[in-house]
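These protein sequence lines map, in sequence, to chains A and B. According to our numbering, the first sequence holds residues 287 to 701 in order. According to our numbering, the second sequence holds residues 4 to 251 in order. Shown next, in structure tokens, is the structure this report addresses.
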Amino acid sequence: MSRANLPSMAWLNIWRNRRRTLLTLSSIAFGVMLAILFTGLGDQNWREMIDLAARLGGGHVSIQNAEYLDSPTLRNSVRGSAKLREQALRDAEVLRAVTRISGQIMLSTAGQSYGAGFIGLNPGDEDVQTLSLIDAIDEGEMLTSSRGNQIILGRQLAQNLNVRLKSKVVYTLTDPKGEIIYGVARVSGIVTTGAPTVDSGLSILPIDTLRENLGMAEGEGTQIALFLKDHREADRVAARLAGGLAKDLAILPWHRTQPELAGFIAMKVAGAQLMEMIILVLVAAGIFNTLFVSVMERLREFGIMLAIGFSPVTLFALVMLESLWLGLVGLVGAVIVTAAPYYYFSTKGIDISDQLGLTGTEVAGVALTSVMRVGIYPENALIIALAALTGTLLSAVYPAWQAGRVAPAESIRLV
Amino acid sequence: MDVKEGATASTSVSADGQTGADGNAIVELESVTKVYHQGAVDVFALRGLSLSIKKGEFSALSGPSGSGKTTALNLIGALDSPSEGSIRLEGKSLASLGRRELSRIRRDRIGFVFQAYNLMPVLTAYENAETVLRLQGIDPQERRDRVMALLADVGLEGMEDRLPGALSGGQQQRVAIARAIASNPAIVLADEPTANVDSETAEHLLDIMQKLSRTRGVTFLFSTHDPRVMDRASRIIRIVDGRIADDS
Numbered sequence: 287m288s289r290a291n292l293p294s295m296a297w298l299n300i301w302r303n304r305r306r307t308l309l310t311l312s313s314i315a316f317g318v319m320l321a322i323l324f325t326g327l328g329d330q331n332w333r334e335m336i337d338l339a340a341r342l343g344g345g346h347v348s349i350q351n352a353e354y355l356d357s358p359t360l361r362n363s364v365r366g367s368a369k370l371r372e373q374a375l376r377d378a379e380v381l382r383a384v385t386r387i388s389g390q391i392m393l394s395t396a397g398q399s400y401g402a403g404f405i406g407l408n409p410g411d412e413d414v415q416t417l418s419l420i421d422a423i424d425e426g427e428m429l430t431s432s433r434g435n436q437i438i439l440g441r442q443l444a445q446n447l448n449v450r451l452k453s454k455v456v457y458t459l460t461d462p463k464g465e466i467i468y469g470v471a472r473v474s475g476i477v478t479t480g481a482p483t484v485d486s487g488l489s490i491l492p493i494d495t496l497r498e499n500l501g502m503a504e505g506e507g508t509q510i511a512l513f514l515k516d517h518r519e520a521d522r523v524a525a526r527l528a529g530g531l532a533k534d535l536a537i538l539p540w541h542r543t544q545p546e547l548a549g550f551i552a553m554k555v556a557g558a559q560l561m562e563m564i565i566l567v568l569v570a571a572g573i574f575n576t577l578f579v580s581v582m583e584r585l586r587e588f589g590i591m592l593a594i595g596f597s598p599v600t601l602f603a604l605v606m607l608e609s610l611w612l613g614l615v616g617l618v619g620a621v622i623v624t625a626a627p628y629y630y631f632s633t634k635g636i637d638i639s640d641q642l643g644l645t646g647t648e649v650a651g652v653a654l655t656s657v658m659r660v661g662i663y664p665e666n667a668l669i670i671a672l673a674a675l676t677g678t679l680l681s682a683v684y685p686a687w688q689a690g691r692v693a694p695a696e697s698i699r700l701v
Numbered sequence: 004m005d006v007k008e009g010a011t012a013s014t015s016v017s018a019d020g021q022t023g024a025d026g027n028a029i030v031e032l033e034s035v036t037k038v039y040h041q042g043a044v045d046v047f048a049l050r051g052l053s054l055s056i057k058k059g060e061f062s063a064l065s066g067p068s069g070s071g072k073t074t075a076l077n078l079i080g081a082l083d084s085p086s087e088g089s090i091r092l093e094g095k096s097l098a099s100l101g102r103r104e105l106s107r108i109r110r111d112r113i114g115f116v117f118q119a120y121n122l123m124p125v126l127t128a129y130e131n132a133e134t135v136l137r138l139q140g141i142d143p144q145e146r147r148d149r150v151m152a153l154l155a156d157v158g159l160e161g162m163e164d165r166l167p168g169a170l171s172g173g174q175q176q177r178v179a180i181a182r183a184i185a186s187n188p189a190i191v192l193a194d195e196p197t198a199n200v201d202s203e204t205a206e207h208l209l210d211i212m213q214k215l216s217r218t219r220g221v222t223f224l225f226s227t228h229d230p231r232v233m234d235r236a237s238r239i240i241r242i243v244d245g246r247i248a249d250d251s
């Protein structure tokens, strides 16, 4: 079968200088590999942080009183949460929906008093999918009922109060009417997350006991936390469910309820994207150089081709096809060189516990994981591949244009 | 070799049925001047050159180096444009044509044979010869028939799958000749086609080109210093300092 067609000729042409082509292909492959690993690192780690934050607070999407965001008091509550949860669970993206009460609490023992935050929940409704703290209980156990006198404390908070398991703790709250109420609980579990803010400032109480003490109705809470299959759907889910809500309620995606975390992640993502742009520009510059030199070396050949009947457009297309082949083969090379490191970093990860130290590091109350793994979203991998291919093609435009503009009479005279 | 063979070829019946005996011009140059501007200096490569090439001719442009032979060939081949004057190919003025139309003219009506063969190194002899037919959109079977016949005519049967690197200089030039006439062009322009080959090979090449001129009615115009080419030409146009010094 004849190879005198443009795609075959382009393919054969790129292998005329095997070394140069292999160098160009390796720059594409390694450039794409770096972009995939950087992006995968970000995708996985931000996903984990967002999920962790969601499981610590108001979910990926939070249904709450319209006033609650600006004035997070117990007065701004949500009633009839059972019906709202049912409504939310009808959305295909919503996996779980739980009602919680959260606020500020004063905890006291004989010798100590400390302020903290509290989450009131029904342990029957919660599991590791909705509450990350369950995995972090390293002494005692999770609450066993939505009623009773159990309390779970953060490790540092327990130390500050000088309490152990089964110790008695008195808690003081302000109810929705502004009255101060008291309760007594026994420490049933101690949790260590690694996030200093959480470990020194969190307590968990049974929700029905709290409702009784606070004079709240059955089903009343400060938010309904919705957990999604994919946190990236938060805005769309919130928009879909908003239409069915009463006017005194608001439905907020996680980045509205956790603006600090959202800001941190946005900044990191922007930084990573800038880094990837720089990588791709450097790769594109290398490809441009390769193609430009290759065109300049072949000016006489292009002059001859014009003489025997190739049109300028055909020569342009030939060089663009050479670039396309480089891009496609480069991407195949990228898959090959990326596979092993990607597998390693997605399973074993990078252990940065030395950098984090014993006290841990947190952002907006969310502990940074000590082992960073890669886990790229497929669509981001596709975007990187398309960006690499597009960059390759764009790099070729000027050299291809030069090939088509060759003056045949002058170029044929070149030696 | 009988010099008159070339003259006989110009009156033979060509592959498309036309004869050269009626004097129809394939190429007409009228008062063509070509000036190259090199900084402050103007170099006159051609000065008011007028010339007519008829169908079936086996002609040669001769003259010392720098006389304007290659320039004349480039202008006739639509590779360049004159500074003054007009050039007509088969009655059509080249000046009125845009880049795309000129490409088409070069593809369909003009064949080139260069001094340095200039085959595409990544394509086989067959693929090089069929390139123009592909560009013309000729269907694969017809391409195959024409190219195989041409390669046989130039004595390269059995070598169609060889790359240029595996062919001798003379063999490569034969492929170039096959490529040049594959599209049944109005004229084949050959710029020093025997310059890079030995004497025996040069004679063989000339035999082939003369035979093609005779059997297929191909019009050849050479630019040459080679006395062997001039011996075979039916007409020698001598150019000196950009002007025709002699035409016989």
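In this text, a Cβ means the ideal position worked out from N, Cα and C, and glycines have one as well.
Grab the span of the alpha helix (DSSP H) containing residue i for me, first residue to last.
{"i": "Asn77 of chain B", "result": "72-79"}
{"i": "Gly589 of chain A", "result": "585-594"}
{"i": "Pro694 of chain A", "result": "694-698"}
{"i": "Pro482 of chain A", "result": "482-487"}
{"i": "Val523 of chain A", "result": "520-528"}
{"i": "Leu417 of chain A", "result": "Run containing Leu417 of chain A: none; DSSP gives neither H nor E here."}
On the criterion of 16 or more Cβ atoms from any shown chain inside 10 Å, does residue i qualify as buried, or is it exposed?
{"i": "Asp25 of chain B", "result": "Annotation note: pLDDT 39 at Asp25 of chain B (below 50); position unreliable, coordinate value reported separately. Classification of Asp25 of chain B: exposed, given that the 10 Å Cβ count is below 16."}
{"i": "Met295 of chain A", "result": "buried"}
{"i": "Leu535 of chain A", "result": "buried"}
{"i": "Leu49 of chain B", "result": "buried"}
{"i": "Ala290 of chain A", "result": "buried"}
{"i": "Arg586 of chain A", "result": "buried"}
{"i": "Glu583 of chain A", "result": "exposed"}
{"i": "Gly501 of chain A", "result": "exposed"}
Rounded to the nearest angstrom, what separates residue i and residue j at their Cα positions?
{"i": "Ile180 of chain B", "j": "Thr576 of chain A", "result": "33 Å"}
{"i": "Leu407 of chain A", "j": "Lys369 of chain A", "result": "17 Å"}
{"i": "Glu206 of chain B", "j": "Arg231 of chain B", "result": "8 Å"}
{"i": "Tyr630 of chain A", "j": "Leu672 of chain A", "result": "25 Å"}
{"i": "Pro124 of chain B", "j": "Asp194 of chain B", "result": "20 Å"}
{"i": "Arg306 of chain A", "j": "Gln175 of chain B", "result": "28 Å"}
{"i": "Tyr684 of chain A", "j": "Ala552 of chain A", "result": "35 Å"}
{"i": "Arg472 of chain A", "j": "Ser639 of chain A", "result": "34 Å"}
{"i": "Asp413 of chain A", "j": "Arg341 of chain A", "result": "10 Å"}
{"i": "Ser171 of chain B", "j": "Thr624 of chain A", "result": "46 Å"}
{"i": "Ser418 of chain A", "j": "Val652 of chain A", "result": "11 Å"}
{"i": "Leu97 of chain B", "j": "Gly168 of chain B", "result": "36 Å"}
{"i": "Gly410 of chain A", "j": "Ala511 of chain A", "result": "15 Å"}
{"i": "Val221 of chain B", "j": "Ser580 of chain A", "result": "36 Å"}
{"i": "Leu547 of chain A", "j": "Gln509 of chain A", "result": "19 Å"}
{"i": "Lys58 of chain B", "j": "Asp164 of chain B", "result": "33 Å"}
What residues in its chain sit with their C-beta under 8 Å from that of residue i, if we drop five residues either side in the sequence?
{"i": "Leu601 of chain A", "result": "Phe588, Met591, Leu592, Ala686, Ala689, Gly690, Val692"}
{"i": "Leu52 of chain B", "result": "Leu32, Ser34, Val35, Thr36, Gly71, Ala75, Gly88, Ile242, Gly245, Arg246, Ile247"}
{"i": "Leu443 of chain A", "result": "Leu393, Tyr400, Ala402, Asp485, Ser486, Gly487, Leu488, Ser489"}
Considering only DSSP beta bridges, list what residue i is partnered with.
{"i": "Leu360 of chain A", "result": "Paired residues: none, contrary to the question."}
{"i": "Met658 of chain A", "result": "A:Ile636"}
{"i": "Asp250 of chain B", "result": "B:Ile240"}
{"i": "Ile113 of chain B", "result": "B:Ile190"}
{"i": "His40 of chain B", "result": "B:Asp45"}
{"i": "Asn351 of chain A", "result": "A:Leu535"}
{"i": "Arg306 of chain A", "result": "The partner list for Arg306 of chain A (beta bridge, DSSP) is empty, contrary to what the question assumes."}
{"i": "Gln436 of chain A", "result": "A:Arg472"}
{"i": "Ala626 of chain A", "result": "In DSSP, Ala626 of chain A forms no bridge with anything."}
{"i": "Lys95 of chain B", "result": "B:Leu92"}
Would you say residue i lies against chain C (beta-carbon separation less than 8 Å)?
{"i": "Arg149 of chain B", "result": "Protein chains in the displayed structure are A and B, and chain C is not among them."}
Whose C-beta lies closer than 6 Å to the C-beta of residue i among residues of the same chain, with five residues either side of it excluded?
{"i": "Thr405 of chain A", "result": "According to the sequence provided, residue 405 of chain A is Ile. The question's Thr does not apply to it. If we look at Ile405 of chain A and ignore the five residues flanking it on each side, its Cβ neighbours are Arg386, Ser388, Ile490."}
{"i": "Arg182 of chain B", "result": "Asn131, Ala132"}
{"i": "Gly317 of chain A", "result": "Ile565, Val569"}
{"i": "Gly469 of chain A", "result": "Tyr457, Asn499"}
{"i": "Val38 of chain B", "result": "Asp45, Phe47, Ser86"}
{"i": "Glu504 of chain A", "result": "none"}
Could you please give the first and the last residue of the uninterrupted beta strand (DSSP E) stretch that includes residue i?
{"i": "Met392 of chain A", "result": "380-394"}
{"i": "Asp194 of chain B", "result": "190-194"}
{"i": "Gly469 of chain A", "result": "466-477"}
So, for residue i: in the same chain, excluding its five sequence neighbours on each side, which residues have a beta-carbon less than 7 Å away from its beta-carbon?
{"i": "Glu93 of chain B", "result": "Ile29, Arg112, Ala189"}
{"i": "Trp611 of chain A", "result": "Ala296, Trp297, Ile300"}
{"i": "Glu353 of chain A", "result": "Asn362"}
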